[in-house]
Amino acid sequence: MTVIRLGLAQVETSFGDQEQQNLVRALDLVRQAGERGVDLLAFAENFPGPFTEANRYEVAEPMARAAREHGVALAYGTSLPDPHRPGSFNITTVVVDDRGEERGAYRRTHPVGPYIYRDSPEWNFDYVAADDFPVIDMPWGKLGISICSEVHLPEVTRILALRGAEVVLYPSGLLIDELGYTEAWQTLVHARAIENHLYTATLVNLMSRSVAEQFAGESFESSGPGLTRGIGMVASPEGILARSPEPGILVAELDLERTRYLRRTTEELIVPAPYRTIPGHLDWRRPELYGALLEAAREAAPSARQG
12 MTVIRLGLAQ
22 VETSFGDQEQ
32 QNLVRALDLV
42 RQAGERGVDL
52 LAFAENFPGP
62 FTEANRYEVA
72 EPMARAAREH
82 GVALAYGTSL
92 PDPHRPGSFN
102 ITTVVVDDRG
112 EERGAYRRTH
122 PVGPYIYRDS
132 PEWNFDYVAA
142 DDFPVIDMPW
152 GKLGISICSE
162 VHLPEVTRIL
172 ALRGAEVVLY
182 PSGLLIDELG
192 YTEAWQTLVH
202 ARAIENHLYT
212 ATLVNLMSRS
222 VAEQFAGESF
232 ESSGPGLTRG
242 IGMVASPEGI
252 LARSPEPGIL
262 VAELDLERTR
272 YLRRTTEELI
282 VPAPYRTIPG
292 HLDWRRPELY
302 GALLEAAREA
312 APSARQG
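Residue numbering for the sequence shown follows our numbering, starting at 12 and increasing by one per position.
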């Protein structure tokens, strides 16, 4: 399989005493994805949950069962207990294949906690950052995950790319569009695809206007169905494949052989060029020079945090 159908499940997220409805929605979306021939269905950050320390419910088994029943691989969001700090949690994306078998998981590495996860009763637990960058083997290739605002840190995606990732997902949390971040966010997601010769995709939890106001304390323009607007987008190194702010499953086809070609090809000055980005540039890297990056980071980090 060199062409896969990627689906992004951008739908309403519930909180509080309605939170477990997220799992009901997620299972129905897996069914819909199966009917549409989706190979991999991605969900937003922490969806279907749980979103709090107090209200825990099981999502792993029902999501695995749905993947197996409908023949769809899943990358779904949850919060998992941190193995090193009792009472603390990692923001996690779990990946299961179309047989319902867990292939791996990515626990968010940036930023260091507590970050935003104690800001409201709707999304509330003691978040801590993890330290690993797994690349997950799928039947069709290699998958990486980078969660939410980690898209601003190119080092995360570069590590995944150098470890062989061919698709990187950026499941995001809340209010990206309402805060005015969409254009910059999608630009970064596309840049990660260009600079690493891989496919990238991002999406966000959608909320009713009333819930959005609880998080941000002011009113926002809603999308047609009365929900906050999404940032759903799928990008290749050579362009945007799909984009939508609306709820539903956004689908795009990813030709993995094309990105493999771009990685192994040496640029030639052919007019018109047979590609829409410079191929082969990962081979230009000079790792022997990059110790300067670590030195500069050590020098800059204290002042940057203070400023």
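Cβ atoms here follow ideal geometry from the backbone N, Cα and C, with glycine treated the same way. This structure is a prediction, so every number in the text was calculated from the model and none was measured.
- Each of 40, 269, 45 and 239 was checked against the Cα of residue 256, and the nearest Cα belongs to 239.
- Per DSSP, the unbroken alpha helix (DSSP H) holding residue 74 starts and ends at 71-81.
- By the CB criterion at 8 Å, residue 158 and residue 119 fall inside the cutoff.
- In its chain, beyond the 5 residues on either side, no residue has a beta carbon closer than 7 Å to the beta carbon of residue 46.
- Looking at 140, 166 and 30, the one whose alpha-carbon comes closest to that of residue 308 is 166.
- The DSSP assignment places 147-149, 152-156 and 178-183 as complete runs of the beta strand (DSSP E) inside the stretch 132-211, in order along the chain (cut-off: 3 residues).
- Closest option to residue 25, judged by alpha-carbon separation, among 140, 184 and 97: 184.
- Between residue 61 and residue 272, the alpha-carbon positions lie close to 40 Å from each other.
- Apart from the 5 residues on each side of it in sequence, residue 125 sits with its Cβ closer than 8 Å to the Cβ of 137 and 138 in its chain, given in chain order.
- Between residue 268 and residue 13, the beta carbon gap of about 4 Å places them in contact (Cβ cut-off 8 Å).
- DSSP places residue 90 within a strand segment (E or B) once states are collapsed to three.
- In the same chain as residue 245, and ignoring 5 residues on each side of it, the C-beta atoms closer than 8 Å to its own belong to 17, 19, 210, 211, 212, 251, 252, 253, 254, 261, 263 and 265, in chain order.
- Excluding its 5 nearest sequence neighbours in each direction, residue 109 has C-beta neighbours in its own chain below 7 Å: 78, 82, 83 and 84, listed in chain order.
- Annotation: residue 193 to residue 186 spans about 10 Å, alpha carbon to alpha carbon.
- In this structure, DSSP gives residue 31 a state outside helix and strand, which the three-state scheme calls coil.
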